[in-house]
Amino acid sequence: MSLSIDEIQQLVEPARVHSSVYVDEELFQLEMERIWGRSWIYVGHESQVKNPGDYYTTSIGTYPVILIRDAKSKSLHVLHNRCGHRGAIVTQRQCGNAGVLRCPYHGWTYKTDGSIHAIPHVGGYKDTEFDKNDEEFSMKKLPRVEVYRGFVFACLSEDVEDLSDFLGEIADTIDNMCDRSPEGEVEVTGLNCHRFIHPCNWKFFLENLHDAMHPMCAHAGTSDAVRSYLSTMPEGTSPPPEAEIIDPFAGSYDFFDSMGVTGLDKGHGYMGGKKSIFSHYEMYPEYLEAMYSAYGKERTEEILSFNRHNACCYPSSTIRDGIQSIRVLRPVSVDSTIIESWTFRLKGAPEKLLQRTLRYSRLINSPGSMVGPDDLDCYYRIQESAKSKSIEWIDLQRYFGQDIKDDDKDTAPGTSDLAIRNQYKAWLNYMSREA
Ligand code: FES
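Numbering (the numbering used here), first residue to last: -4 to 430.
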């Protein structure tokens, strides 16, 4: 690597970033090593691997990994998805169940804890330095794996703080999602997700989460059409449930300013907190009944009035408590990123709640959504400008210098660039640590 720390630090100023952060191959490799290799990354939910031997393949940065439930102890492991022999990716199946994992190249097999199960024609290793019990020949376990209320995070490096310290206030969002279940737990719906390939750098997606200046412009086509349709409905008719979801995308600047934006330590952040379209549940009386019976009226109201719009868990995911979804970033290369959108069922809640969650996911987060492709088109336009070097610096000055500082967080009106500046503060911290 030839980029020095000094050179990296010159790319991020307090209220602008250099466009090379989106297109430079060397910076991308350093990001994988220094950000994705050293922080807690969301891997999956334990309900994806309920039974002994269940596994799910994913990645941490560009490293392929497997989340697997031990066939004997039933504990969870996250393993490098590569063979201890010559390094082939052991399985490319998205998910499955296996007593042992078998490499397709020379047939080495591994137990569900990653240790070697058997090697064909093993006599050829007699009197060599090969040792079946040497971890080097195993499917190595990641050094740090922790679970927070069913959400599994892992780190490629041993040297990382405890997960609860890393999550900080973001844990409140996970708590709230789970507390919305009368049983206090969520589980993934189905075995898969909406998977959306973005031909652009991974950071655009995170930056857009709290960019409240764009919805009324970038999504105007959809929200104008919805409002126009609603205006034709006879008076007294209930609007279709889709309208409840799309309508806020046409909110005013004042509406988004009033939501507020919060920047937390380590690049995390969120918008809103108390006001959201998902604060009202009068139309789901069976759900309210189940919640009152589980928590009492006062606590239920406290749970349901807590609503954060996109809690960013930097760098790997963004969580919506009120709609029970998590979107996961999987960088592929400097200009390609997979965005996954997973939805969760509130255990003990009526099916209608899940339908609401799925409706939101299809309308907003899926590749065929009426909103997501608008965003992607905008990211792609910046990516192309950065690639052609037709723009050198990216501006981040909205409400700069006007943040309200608390001990461990900064807040600002919702249309501030605070969250993006906060992400780059974290980016710089990670990228300035050589080892
Ligand atoms: Fe896996 Fe040879 S590379 S068995």
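Quick reminder that beta carbons are idealized off the backbone N, C-alpha and C, glycines included.
These numbers come from a predicted model, not from an experiment.
For V221, the secondary structure class from DSSP, reduced to helix, strand or coil, is helix. A straight-line Cα-Cα distance of about 30 Å links L158 and G291. DSSP assignment within the segment 333 to 357 yields the following whole alpha helix (DSSP H) runs of 4 residues or more, N-terminal first: 346 to 355. For A113, the shortest separation between its Cβ and any heavy atom of the ligand FES does not lie below 8 Å. For the ligand FES, no non-hydrogen atom lies closer than 8 Å to the CB of C150. Counting only beta-carbon distances shorter than 5 Å to the non-hydrogen atoms of the ligand FES, the qualifying residues in chain order are C78, H80, R81, A83, C98, Y100, H101, W103.
Nearest neighbour of S312 by Cα position, chosen from D372, K198, Y282, T86, turns out to be K198. The beta strand (DSSP E) runs lying completely inside the segment 86 to 171 and spanning 3 residues or more are 90 to 92, 95 to 97, 104 to 106, 111 to 113, 139 to 143, 146 to 150, given in chain order. Membership of I0 in any beta strand (DSSP E) is not indicated; the residue belongs instead to the alpha helix (DSSP H) covering 0 to 4. Assigned with DSSP and collapsed to three states, A407 falls in strand. Of all alpha-carbon atoms in D316, D412, F200, the one lying nearest the alpha-carbon of Q392 is that of D412. Beta-bridge analysis with DSSP links K400 to D405. Taking C-beta atoms as the reference points, T352 and T184 count as a pair closer than 9 Å. In the three-state DSSP reduction, A10 falls in the coil class, being neither helix nor strand. Note that the C-beta distance between Q89 and L204 is not below 9 Å. Here E335 is buried: its Cβ has 16 or more other Cβ atoms, across all protein chains shown, within 10 Å. Minimum Cα-Cα distance from S364 among the listed residues Y248, G216, S(-1) corresponds to G216. If you compare the alpha carbons of E178, K404, G367 with that of H263, the shortest gap goes to K404. When beta bridges are read from the DSSP output, T53 appears opposite V60. Less than 9 Å divides the Cβ of G258 from the Cβ of R416.
Around the beta carbon of M228, fewer than 16 other beta carbons lie within 10 angstroms, which makes this residue exposed. Sequence-distant partners of V181 (beyond 5 residues in either direction) whose C-beta falls short of 7 Å from its own C-beta, in its chain, are G145, M172, C173, Q319, F339, R340, L341, K342.
Within the same chain, Cβ atoms closer than 7 Å to the Cβ of Y375 are found at P194, C195, the five residues on either side in sequence being excluded. For L204, the secondary structure class from DSSP, reduced to helix, strand or coil, is helix. The distance from the Cβ of K347 to that of Y287 is about 17 Å, inconsistent with a contact at the 8 Å cut-off. In this model, E297 and F244 are separated by some 25 Å (Cα to Cα). In this chain, F191 is not harboured by any alpha helix (DSSP H); it is covered by the beta strand (DSSP E) spanning 189 to 193. In the three-state reduction of the DSSP assignment, Y265 falls in the strand class, which pools E and B. Taking one beta carbon from each stretch, the segment 416 to 429 and the segment 43 to 53 have fewer than 3 pairs nearer than 8 Å; the two do not touch. Scanning K261, S253, M134 for the CA closest to the CA of A113 turns up M134.
Secondary structure at L186: coil, using DSSP grouped into helix, strand and coil.
For G39, the beta-bridge partners assigned by DSSP are V147. For I240, the enclosing alpha helix (DSSP H) starts and ends at 236 to 241.
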